[in-house]
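Visitor:
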Amino acid sequence: MFAVHASDFRKNLAAMLDRVADNAEPVLITRSGGAAAVLLDINEYNALTKTAYLLSNPVNAARLAKGIAEVEVGNTAVRELDK
Numbered sequence: 000m001f002a003v004h005a006s007d008f009r010k011n012l013a014a015m016l017d018r019v020a021d022n023a024e025p026v027l028i029t030r031s032g033g034a035a036a037v038l039l040d041i042n043e044y045n046a047l048t049k050t051a052y053l054l055s056n057p058v059n060a061a062r063l064a065k066g067i068a069e070v071e072v073g074n075t076a077v078r079e080l081d082k
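Residue numbers (numbering that gives the first Met the number 0): 0 to 82.
Structural data, given as structure tokens:
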């Protein structure tokens, strides 16, 4: 994650927005004596909110965790989709 002070961020706003959009790399914006903020690419933000939504339901979170564990141990199968 790239970090920049708020005053430098303001001076280079267009370049910072391009950096986030082009690299999907978050930018940590720090402030002297103030709370920090993070600038995210819209696709990264959408992925995070979707993941948070999917994990907010305990039953769904458990099913996802079980599926991930099965993939990690190689318990997978190839299937053809109906057309």
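Built from N, CA and C at the ideal position, the CB exists for glycine as well. In this text the structure is predicted, and so the values were computed from the model without any measurement.
Hey, could you find the ends of the alpha helix (DSSP H) Leu16 is sitting in?
Guide: Run containing Leu16: Leu12 to Asn22, per the alpha helix (DSSP H) assignment.
Visitor: For Val3, which beta-bridge partners are listed by DSSP?
Guide: Per DSSP, Ile28.
Visitor: Let me know the secondary structure DSSP gives Val72 once reduced to three states.
Guide: Looking at Val72 - three-state DSSP - the assignment turns out to be coil, as it is neither helix nor strand.
Visitor: Give me the Cβ distance between Phe1 and Glu24, rounded to the nearest whole Å; I'm assuming they're in contact under 8 Å.
Guide: The pair is a contact, with the Cβ atoms about 6 Å apart (cut-off 8 Å).
Visitor: Apart from the five residues just before and just after Val83, which ones in its own chain have a Cβ nearer than 8 Å to its Cβ?
Guide: The displayed coordinates of the chain run from 0 to 82. Any statement about residue 83 would go beyond what the structure contains.
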